[in-house]
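To start, the structure under review is shown below, and the notes come after it.
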Amino acid sequence: MQTPLDSMRSKLRVELDTLLDRHGRISAHLHNADREVPADWPERAQLFENDTVLEALDGRTRARIVQIRLALERLNDPAWGFCARCGEPIRPARLAALPTTTVCVSCAERFQ
Ligand SMILES: [Zn+2]
C-alpha cells in the first residue's frame, strides 16, 4: 500500500520530470546556435522578444525545480509533515496542495 509520503514523492517526481523536460527544451531552443536569425529588423525584434519571454519562463521553471528538489529532500526528514514553527502536524490536504510548505495553515496566516 502507498503511504501519503510515497504518493507525495511520486507526485513531486512527476512534476520534476515535466519541469526538467521543459527546461531542457527551452534551453536547447535558446542556445541553438544554428537557428536562423531573420535579416529583417522587425522579425528579428520579434525573435528577441520571444527569447525574453522564454528566458523568463525558464527562470520560473528553474526556481520551481529547486523548490521541488528541496521538497523531495524534506520528505526524507522525519520532521516532514510537521509545522516548522509550532510543531503541529500539517493537514494532508495542505501538503498535497503545497508540497513545498514547511508551516501549517494557522502559522502561515499568523506569520505572513
Ligand atoms: Zn504551525
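Per numbering that gives the first Met the number 0, the very first residue in the sequence shown carries number 0; after that it's consecutive. We put the beta carbon where it would ideally sit given N, CA and C, even for glycine.
- The closest heavy atom of ligand 1 lies 8 angstroms or more from the beta carbon of serine 9.
- Secondary structure note for glutamate 72: its alpha helix (DSSP H) is the uninterrupted segment 40-74.
- Between arginine 8 and leucine 74, the C-beta spacing is below 9 angstroms.
- In chain order, the residues that have a beta carbon nearer than 7 angstroms to some heavy atom of ligand 1 are Cys82, Arg84, Cys85, Glu87, Val102, Cys103, Ser105, Cys106.
- Counting along the chain, the unbroken alpha helix (DSSP H) around proline 91 starts and ends at 91-96.
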